[in-house]
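Trainee:
There are 2 protein chains.
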Amino acid sequence: MDSMSQFGSLDKQQMGLLLEKAKESTLSKGAYFSEAGKIARQVGFLSAGIIRFFYHDDNGQEVTSYFMAERNFFVDLNSFNNQVPSSGYIQAVTDCKLIVFSQRDWQGLSTTIDGWDKIVQQIISKAMLEKIDKINPLLSADATTRYTTFLAQYPILTNRIPLSYLASYLGITQSSLSRIRKKIR
Amino acid sequence: MDSMSQFGSLDKQQMGLLLEKAKESTLSKGAYFSEAGKIARQVGFLSAGIIRFFYHDDNGQEVTSYFMAERNFFVDLNSFNNQVPSSGYIQAVTDCKLIVFSQRDWQGLSTTIDGWDKIVQQIISKAMLEKIDKINPLLSADATTRYTTFLAQYPILTNRIPLSYLASYLGITQSSLSRIRKKIR
DNA sequence: TTCACTTTTTGCCAAATGGCAAATGGTTTC
DNA sequence: GAAACCATTTGCCATTTGGCAAAAAGTGAA
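Chains A and B supply the protein sequences, listed in that same order. One gets the working numbering by counting positions in the first sequence from 1 and adding 73 to each. One gets the working numbering by counting positions in the second sequence from 1 and adding 73 to each.
1. Tell me the rounded alpha-carbon separation between A:Leu250 and A:Lys170.
2. Take A:Tyr105 and list the residues in its own chain whose beta-carbon comes closer than 7 Å to its own, dropping the five residues that flank it on each side.
3. May I ask which residues mark the beginning and end of the beta strand (DSSP E) holding B:Ala121?
4. May I ask you to verify whether the stretch 142 to 150 of chain B touches the stretch 192 to 208 of chain B, counting CB pairs closer than 8 Å and requiring at least 3?
5. Just to confirm my understanding: we take A:Ser78, look at its own chain, exclude 5 residues before and 5 after, and list those with CB closer than 6 Å. What are they?
6. Quick check: what's the CA-CA separation for B:Ile172 versus B:Val193?
7. Do A:Lys94 and A:Phe146 have their beta-carbon atoms positioned less than 7 Å apart in this structure?
8. According to DSSP, is B:Asn132 part of a helix, a strand, or is it coil?
9. For B:Thr218 versus B:Leu224, is the C-beta spacing smaller than 7 Å?
10. Please list, in chain order, all residues of the same chain as A:Trp189 whose beta carbon is under 8 Å from its beta carbon, the five residues on each side excluded.
11. I'd like to know whether the C-beta of A:Gln79 is nearer than 7 Å to at least one C-beta of chain B.
12. Between A:Met74 and chain B, is the shortest Cβ-Cβ distance under 7 Å, so that the two count as touching?
13. If you count every other CB in all the chains shown that lies within 10 Å of the CB of B:Leu212, and 16 or more means buried, which is it?
14. Taking Cβ-Cβ distances below 7 Å as the criterion, which residues of the stretch 104 to 138 of chain B are in contact with chain A?
15. Starting from B:Phe174, follow its DSSP beta bridges and name the residues at the other end.
16. With which residues is A:Phe146 paired in a DSSP beta bridge?
17. In terms of residues, what are the limits of the beta strand (DSSP E) holding B:Glu97?
18. With A:Ile196 as the anchor, note down where its alpha helix (DSSP H) starts and where it stops.
19. With 16 as the cutoff for other CB atoms within 10 Å, does A:Asn209 come out buried or exposed?
20. Taking 7 Å as the limit between beta carbons, can you name the residues of its chain near A:Leu100, skipping five residues before and five after?
21. Measure the alpha-carbon distance for A:Ile186 versus A:Arg177 and round it to whole angstroms.
22. Between A:Gln247 and chain B, is the shortest Cβ-Cβ distance under 7 Å, so that the two count as touching?
23. I want to verify the contact list: residues of chain B whose CB lies under 7 Å from the CB of A:Asp190, in sequence order.
24. Suppose you measure from the CA of A:Ser237 to the CA of A:Asp84; what does that come to, to the nearest Å?
25. Measure how close the beta-carbons of A:Ala109 and A:Ser160 come, nearest whole angstrom, since I'm counting them as under 8 Å.
26. Taking any Cβ of chain A, which residues in the stretch 197 to 211 of chain B have a Cβ under 8 Å from it, in chain order?
27. Over what stretch of residues does the alpha helix (DSSP H) that includes B:Ser107 continue unbroken?
28. Going by the DSSP bridge assignment, what does A:Arg125 pair with across the sheet?
29. Comparing C-alpha positions only, which one of B:Ile253, B:Gln156, B:Ile234, B:Ser248 sits nearest to B:Arg125?
30. Please list, in chain order, the chain B residues whose beta carbon lies closer than 9 Å to that of A:Gly244.
31. What are the partner residues of B:Pro158, as DSSP defines its beta bridges?
32. Judging by CA-CA distance, which residue of A:Leu243, A:Val157, A:Thr221 is the nearest neighbour of A:Ile257?
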């Protein structure tokens, strides 16, 4: 639970208010934190493990839109904010340890912790900018560059995630990725 | 200036406070709203015209990361929030009419308008989600699909932006895009 | 209209990637 | 260890896309 201590800008008392609402939980490999069609009612903090966001494209193929490693907050933002059904899934890629906040509690912090909204805004902006900065360069790169870029960005994840997930994240076929990996090494 | 009236959640008085700080301005085609290396000190609202965000990749090539049409707020978020030099450019693709807020004024609204932070959070989340939802599907699509997807998403922009900008946005070469366009029509 | 300049299209060929199916390798369960 | 199951690699070939340079089309100024 002290993995959340890196959470800046909060003093001891505020941190106490936050932790009061935190519930520890686990997700085993393959299990879902949120699912398409359901409404997101929880915010998670990943203290151990790897999760991925994915959705089904028009052809019904799974497309991984993001990987996330330890020490990050996550939520299906659109569904959570607007209380509409999710269009995608959040799934544990490995066994995970989580800290979970209910929607009611999370939003309640807005009134109990001074400046909470601004803090949340910072967390969200930072997370989304990170994602955008990671995806943008992929688009204009060829498959090999995509893979090497990924290796540089996520050294931690290499060999901890199935090839098929990674391929769909990079926008390449699994076989191409396999060949590229062979060529690189 | 009433193009901002679509701005939800504000009553008349709050809207007044906001408009007090607004300054009208223009950008002519090709001019920059913010530039790499400089620190963003303004938030803009695009009332007429088209802008694009772009940066230089490792090979020095211009890469368009986003197009934006009328009736949207824009800012170089990372630079503005953290007062660090921008890594990219915001440029007028056509002649533009803008409404501009200085950083001081914009942030001051946090104390004068009740719930301002939350409103800003909503705007930012919405904008970034939109961008993410637009870019994500491009990655796993072939060039033709990228183009047709773009046409569906931005019918307004077709034929108002140079081919080279669009090609770099879609992650295809200009000649490929030209051939695809020919094939489609 | 003509010239100079920029943008877009086209031709030619090489290189990269995809599609599909079979083979190989790994892991789990009994 | 054997069987069943899942993940990864490989072969073969068709298709797509890129690279480069020249041609064509479009634009604006004198």
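Cβ atoms here follow ideal geometry from the backbone N, Cα and C, with glycine treated the same way.
Mentor: This is what the structure gives:
1. Distance from the CA atom of A:Leu250 to the CA atom of A:Lys170, rounded to whole angstroms, is 30 Å.
2. Closer than 7 Å at the Cβ level, and outside the excluded window around A:Tyr105, lie Tyr162, Ile163, Gln164.
3. That run of the beta strand (DSSP E) goes 115 to 121.
4. Touching, yes.
5. Caution applies to A:Ser78, whose pLDDT of 47 falls short of 50 and renders its modelled position unreliable; the value that the coordinates give is listed next. Correct list: empty, nothing qualifies.
6. Rounded to the nearest angstrom, the two C-alpha atoms are 16 Å apart.
7. Cβ atoms of A:Phe146 and A:Lys94: not closer than 7 Å.
8. Coil at B:Asn132, not helix or strand.
9. No, the Cβ-Cβ distance between B:Thr218 and B:Leu224 is not below 7 Å.
10. Excluding five sequence positions before and after A:Trp189, the CB atoms of its chain that fall closer than 8 Å to its own CB belong to Leu182, Ser183, given in chain order.
11. At A:Gln79 the pLDDT is 49, less than 50, meaning the model places this residue with poor confidence; the figure from the coordinates comes in the next sentence. For A:Gln79, the nearest beta carbon of chain B is not closer than 7 Å to its own beta carbon.
12. In this prediction, A:Met74 has a pLDDT of 48, which is less than 50 and means its spatial position is unreliable; nothing more can be read from the coordinates.
13. Sixteen is the threshold: when 16 or more other Cβ atoms of the shown chains lie within 10 Å of the Cβ of B:Leu212, as they do, the residue is buried.
14. Using a CB distance below 7 Å, the part of the stretch 104 to 138 of chain B facing chain A consists of Asp130, Val136, Ser138, ordered along the chain.
15. Among the bridge pairs identified by DSSP, B:Phe174 is matched with B:Val116.
16. A:Phe118, per the DSSP bridge assignment.
17. Here the beta strand (DSSP E) through B:Glu97 covers 96 to 100.
18. A:Ile196 -> alpha helix (DSSP H) spans 189 to 212.
19. Under this definition A:Asn209 is a buried residue.
20. Phe106, Ala165, Cys169, Leu171.
21. As the crow flies, the alpha-carbon of A:Ile186 is around 14 Å from that of A:Arg177.
22. It does not: the Cβ of A:Gln247 has no partner Cβ on chain B nearer than 7 Å.
23. Ordered by position in chain B, the residues that pass the 7 Å Cβ test against A:Asp190 are Asp190, Lys191, Gln194.
24. Spanning the two alpha carbons is a distance of roughly 43 Å.
25. About 6 Å; that satisfies the 8 Å criterion.
26. Taking 8 Å as the upper bound on Cβ-Cβ separation, chain A lies near residues Ile197, Ser198, Met201, Leu202, Lys204, Ile205, Ile208, Asn209, Pro210, Leu211 of the stretch 197 to 211 of chain B.
27. For B:Ser107, there is no enclosing alpha helix (DSSP H); the residue is part of the beta strand (DSSP E) that begins and ends at 105 to 107.
28. Beta-bridge analysis with DSSP links A:Arg125 to A:Phe140, A:Gln164.
29. Of B:Ile253, B:Gln156, B:Ile234, B:Ser248, the residue nearest in Cα terms is B:Ile234.
30. Result: Leu211, Leu212, Ser213, Ala214.
31. Answer is B:Ile112.
32. If we check each option's Cα against that of A:Ile257, A:Thr221 comes out closest.
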